[in-house]
Structures are given as structure tokens and as C-alpha cells.
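Read through the structure below, which is laid out as C-alpha cells, and then see the notes.
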Amino acid sequence: MMNTGIVELIAFGLVAIVAGFFLLVSMVLELAPEQRRKWLLGIGLGTGIIAFSLKIGLILLFSLYPGPMLSLFPERQHEYAPSHLPDGGRHDSSLVKTPYTWQALPASAPSPGDNPLTAEKIRLGRMLFFDTRLSADGTLSCASCHEISSDKGGGDGLRASIGIGGQQGTRNAPTVLNAAFQKVLFWDGRATSLEDQAKGPLINPIEMGMPSLDRVVATVSGIAEYIEPFAAAFPAQPSVTIDNIAKAIAAYERTLITPDSPYDRFVKGDSSALSAQQIRGMALFESTGCVFCHSGPNFSAASIFADDIPFRLFPSVPDTEYEQQYGFTDDPGAAPVHSGSKPGIWRIPSLRNVNRTGPYFHNGSVASLEEAVRIMARVQLNKSLSNSATDDSSIHWLPGDRRLAVATQQALSDSEVDEIVAFLKALDGDLPPLH
Numbered sequence: 011m012m013n014t015g016i017v018e019l020i021a022f023g024l025v026a027i028v029a030g031f032f033l034l035v036s037m038v039l040e041l042a043p044e045q046r047r048k049w050l051l052g053i054g055l056g057t058g059i060i061a062f063s064l065k066i067g068l069i070l071l072f073s074l075y076p077g078p079m080l081s082l083f084p085e086r087q088h089e090y091a092p093s094h095l096p097d098g099g100r101h102d103s104s105l106v107k108t109p110y111t112w113q114a115l116p117a118s119a120p121s122p123g124d125n126p127l128t129a130e131k132i133r134l135g136r137m138l139f140f141d142t143r144l145s146a147d148g149t150l151s152c153a154s155c156h157e158i159s160s161d162k163g164g165g166d167g168l169r170a171s172i173g174i175g176g177q178q179g180t181r182n183a184p185t186v187l188n189a190a191f192q193k194v195l196f197w198d199g200r201a202t203s204l205e206d207q208a209k210g211p212l213i214n215p216i217e218m219g220m221p222s223l224d225r226v227v228a229t230v231s232g233i234a235e236y237i238e239p240f241a242a243a244f245p246a247q248p249s250v251t252i253d254n255i256a257k258a259i260a261a262y263e264r265t266l267i268t269p270d271s272p273y274d275r276f277v278k279g280d281s282s283a284l285s286a287q288q289i290r291g292m293a294l295f296e297s298t299g300c301v302f303c304h305s306g307p308n309f310s311a312a313s314i315f316a317d318d319i320p321f322r323l324f325p326s327v328p329d330t331e332y333e334q335q336y337g338f339t340d341d342p343g344a345a346p347v348h349s350g351s352k353p354g355i356w357r358i359p360s361l362r363n364v365n366r367t368g369p370y371f372h373n374g375s376v377a378s379l380e381e382a383v384r385i386m387a388r389v390q391l392n393k394s395l396s397n398s399a400t401d402d403s404s405i406h407w408l409p410g411d412r413r414l415a416v417a418t419q420q421a422l423s424d425s426e427v428d429e430i431v432a433f434l435k436a437l438d439g440d441l442p443p444l445h
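With our numbering applied, the sequence shown has no gaps in its numbers, which climb one by one up to 445 at the end.
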């Protein structure tokens, strides 16, 4: 049987059509001049009045029969159960779109014009990436600090990496996964391409410790198993050069991407890919302000997708309880050395696979992701941490304007931290194959 509202709507429409016809005829007889009865003029005037009347009628129809009227339109928004909503089910009947647009990670990374990807180049780059002979004492390779065969997310799981001779570094190893999408590399952003980045650790005295790039070239040139791969990867220049070594390593690193996380599947249309808790965390990630720095497909304003400045002051809120506790300002990063105790300047890291890349921050001083979220809320976004509802908003009187100002979302509760962490775990993608 037809819906009662639809039947009423059809009946209403038929009555309106009949009434409209008689109204039009009446208009013609009333408005057209008596002499020579100018029908076209009468019809034109009558039609204008009827069109206005129809607008009023449609407004009345939407008011009286909103359900049947809306059901005539086939496009409907996807609805989530109330438990999926950030406020736990308390919501208004009208949906308000948030301003941020979420994006999935591309399935492949772009390559520069002077270093196109080839299977031969990727094969050579993989050989070099795992070869410990590229270090001064033959004990370390690129993969020693950037593990991709485990759950360490392209890092090494250490607070700070250990170089040749057991030397302790001062910074946490950044992930190599999805590094191809970043426009500046290293924590201080001193490299502007994967090719530039690949050369740095080779001659860093604490990392792989080679005395010069020339020594790196001499070492690789003396290894017979590299003759054929270099000739295949660079047929126009088969001899070993430092630029070709770097290009091959960079080519391999451009294959180390993780585009199929639960988040990516959700953004592409799989509404079941995220849990209710993760969707609430996703909404909080935006409303709390995390997207101001961790935006775009790679969750970093330092990525190739962003036109933003790739650096931020950290911490931006001075003299918090966390600054001294975790020694955040001991290293100035990209800031001038004379900056003293002022906040350092750091490249914005990607949050892809962040659940796997602990410990966190440039000095690896924070062990848990939950604590890292609390710290960022406090020292970057100036949020308080409280489970009291009264701390989440404040009311201010503006005497000059004679108005009230209400500040909301000032505090982050433990449950909200858990929801953001749950969302961040949804950024874990499938690890790329080793071969």
C-alpha cells in the first residue's frame, strides 16, 4: 500500500492543478483587455501570478509533508547510528558539515623528472639499503635504523639511534615509510629530497661514519656484485657515482608506502572500516585542532600535498610541566643555536603508522602514544587536561560590546584522549613487501 503521506500529497497536487487551470482562465478573462481580448497578455500575467502562488504552495507542502516531499529525491546522506557521533548520540536533526576534507593516501608516490622509477633501479636501491658494507665498520645499513620488516613502522624502536662503534645519537629515527610524500626530510628539514637525504647518514660520524662520499663510491665500486645492477639501472652511465647511489636508494624508498589503512578504506567509502570510537576520535582530531599541522593524505603540513610552511615551533606554549620533564628544548632543531631556551623549530612529522613508531618526538622521550597526545594538546594547542565538564568551557563578559563570549572545547578528557589514540591506530597501513 502507498504511504499515507504520499496519497495525501498526490491528492493535494491534483486539487492544485485543477484549481490552477480555473485560476488561469479567470485571470485571462479578468486581466486581458476587453477589446480584441488579448489572450497572450492575459496568459502572461496570469502565469506570473500562478508561479508566485506555486512557490508559496511548495513551501506549504514542505512544511506540511516534509517526509513525502524529501522521499521524492533519490540522493540521501549516509546515516550513522547515534553511537557513532562524537557527542555520544546527543545530536540535532540537521547535520552540519565540518570544514576539513579528509583524503586517502595515493597508491604510489611521485618521482622527480631526473630520477624516474624503474624495476632495475628499485632492485639496486634495495641492495644498497640493506648493505652494511656502506658503513665504516661494516655493521650498519640504512635498514638498521629504518626497519620495515617488523612492527617498528620504519624506525628502530629506540629513543635515539645507535651508530657505528655503539655511539648514541641524539635524535629519534624518523620513519622511512611514506617519506616519499614529504617535501623536507630529517627532523630539522635540512634535506629537500630523498636523494639529498640518502647521502647524509653515510658520512655522519655517529651514524654510518664513512669519512667521505668518495670513500662510499670507492667501496661500492669495489664490490663485484654491483657491476651488473648499476649497468642495468643506469645504462647511460654504468659507472658508480654518489648521485646514482643516492638515486637508487631514493627509488627504493619511494616504494615504501602504506596506502591501505582502515582510515583510507573508510575515506574511500567503506563505512565499516572504522569503529564508533575511532570515528569519534576522528571528529576530535579535527575539532581539537590537530589538523592545523597534521593535515592532508600524509597527515603532515610538511608533505608534498601542502602549500603550508613545513616547520613549527615546538613547544609553542612555553613553560608547561612537560617542557622540563621531557627536555623538549634541549635541542633547538632548525632554530639558530643562539636561541637559548626558546622553543626549537622542527619539521612536522607524518602521523602515518604512528602507533608503530614510538618512542615519540625528536628526542624519543615519550614512550606511549596516549601521553604524546596529551602533550600535544597541552604544549601545542593550549588545551587543559581534565575530566570535569566545567573545565571544558568558560563564559566571558565583553563590557565594550555588551556581549557574552563562550569558549568551548578547552579541555581534553581521558576518554577523549583514548578516542584520538584509537583513530591514530587506524592510520596503520599494510607494510610493503621486502621483495
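Ideal Cβ placement from N, Cα and C applies to all residues, glycine included.
Quantities reported herein were computed from a predicted structural model and do not represent experimental measurements.
Assigned secondary structure, residue i (DSSP; H/G/I helix, E/B strand, else coil)
{"i": "residue 145", "result": "coil"}
{"i": "residue 174", "result": "helix"}
{"i": "residue 420", "result": "coil"}
{"i": "residue 119", "result": "coil"}
{"i": "residue 110", "result": "coil"}
{"i": "residue 247", "result": "coil"}
{"i": "residue 443", "result": "coil"}
{"i": "residue 183", "result": "coil"}
{"i": "residue 194", "result": "coil"}
Through-space distance from residue j to residue i, alpha-carbon basis
{"i": "residue 441", "j": "residue 265", "result": "11 Å"}
{"i": "residue 213", "j": "residue 221", "result": "6 Å"}
{"i": "residue 237", "j": "residue 328", "result": "55 Å"}
{"i": "residue 322", "j": "residue 186", "result": "21 Å"}
{"i": "residue 231", "j": "residue 240", "result": "10 Å"}
{"i": "residue 132", "j": "residue 384", "result": "40 Å"}
{"i": "residue 410", "j": "residue 260", "result": "59 Å"}
{"i": "residue 392", "j": "residue 235", "result": "56 Å"}
{"i": "residue 288", "j": "residue 430", "result": "7 Å"}
{"i": "residue 206", "j": "residue 380", "result": "34 Å"}
{"i": "residue 176", "j": "residue 146", "result": "13 Å"}
{"i": "residue 172", "j": "residue 215", "result": "11 Å"}
{"i": "residue 424", "j": "residue 107", "result": "26 Å"}
{"i": "residue 448", "j": "residue 128", "result": "Shown here, the chain extends from 11 to 445; a query on residue 448 therefore has no answer."}
{"i": "residue 180", "j": "residue 281", "result": "42 Å"}
{"i": "residue 317", "j": "residue 306", "result": "11 Å"}
{"i": "residue 246", "j": "residue 257", "result": "14 Å"}
{"i": "residue 157", "j": "residue 413", "result": "57 Å"}
{"i": "residue 324", "j": "residue 372", "result": "10 Å"}
{"i": "residue 400", "j": "residue 420", "result": "10 Å"}
{"i": "residue 331", "j": "residue 394", "result": "12 Å"}
{"i": "residue 148", "j": "residue 443", "result": "25 Å"}
{"i": "residue 449", "j": "residue 293", "result": "A question about residue 449 goes unanswered here, because the residues of the chain that appear run from 11 up to 445."}
{"i": "residue 84", "j": "residue 301", "result": "Model confidence at residue 84 stands at a pLDDT of 41, short of 50, so the residue's coordinates are unreliable and nothing is read from them."}
{"i": "residue 428", "j": "residue 163", "result": "21 Å"}
Integer-rounded CB distance, given that residue j should sit under 8 Å from residue i
{"i": "residue 192", "j": "residue 365", "result": "Wrong, their Cβ atoms sit about 19 Å apart, outside the cutoff."}
{"i": "residue 242", "j": "residue 130", "result": "4 Å"}
{"i": "residue 312", "j": "residue 358", "result": "4 Å"}
{"i": "residue 417", "j": "residue 403", "result": "6 Å"}
{"i": "residue 199", "j": "residue 367", "result": "Contact flag wrong, Cβ pair sits at about 18 Å."}
{"i": "residue 114", "j": "residue 274", "result": "4 Å"}
{"i": "residue 174", "j": "residue 150", "result": "6 Å"}
{"i": "residue 182", "j": "residue 170", "result": "6 Å"}
{"i": "residue 153", "j": "residue 139", "result": "6 Å"}
{"i": "residue 432", "j": "residue 297", "result": "Between residue 297 and residue 432 the Cβ distance is about 16 Å, and since that is not below 8 Å, they are no contact."}
Buried/exposed call for residue i, threshold 16 Cβ in 10 Å
{"i": "residue 437", "result": "buried"}
{"i": "residue 197", "result": "buried"}
{"i": "residue 225", "result": "exposed"}
{"i": "residue 144", "result": "buried"}
{"i": "residue 125", "result": "buried"}
{"i": "residue 453", "result": "Since the displayed the chain opens at 11 and closes at 445, residue 453 lies outside it and no answer follows."}
{"i": "residue 434", "result": "buried"}
{"i": "residue 109", "result": "exposed"}
{"i": "residue 339", "result": "buried"}
{"i": "residue 304", "result": "buried"}
{"i": "residue 161", "result": "exposed"}
{"i": "residue 278", "result": "exposed"}
{"i": "residue 406", "result": "exposed"}
{"i": "residue 310", "result": "buried"}
{"i": "residue 159", "result": "exposed"}
{"i": "residue 382", "result": "buried"}
{"i": "residue 375", "result": "buried"}
{"i": "residue 267", "result": "buried"}
{"i": "residue 123", "result": "exposed"}
{"i": "residue 229", "result": "buried"}
{"i": "residue 354", "result": "buried"}
Proximity test, residue i beta-carbon vs the ligand MN heavy atom, cut-off 7 Å
{"i": "residue 266", "result": "No copy of the ligand MN appears in this structure; indeed no ligand is present at all."}
Quiz item: What are the start and end residues of each continuous alpha helix (DSSP H) run of 4 or more residues lying completely inside the stretch 301–361, in chain order?
Solution: 331–336
Quiz prompt | Contained alpha helix (DSSP H) runs [length at least 4] in the stretch 378–439, N- to C-terminal order | solution = 379–389 and 424–435
Exercise. Identify every run of the alpha helix (DSSP H) within the stretch 257–299, keeping only runs that are complete inside it and at least 4 residues long; order them along the chain.
Key: As far as the stretch 257–299 is concerned, its whole alpha helix (DSSP H) runs of at least 4 residues are 272–277 and 286–298.
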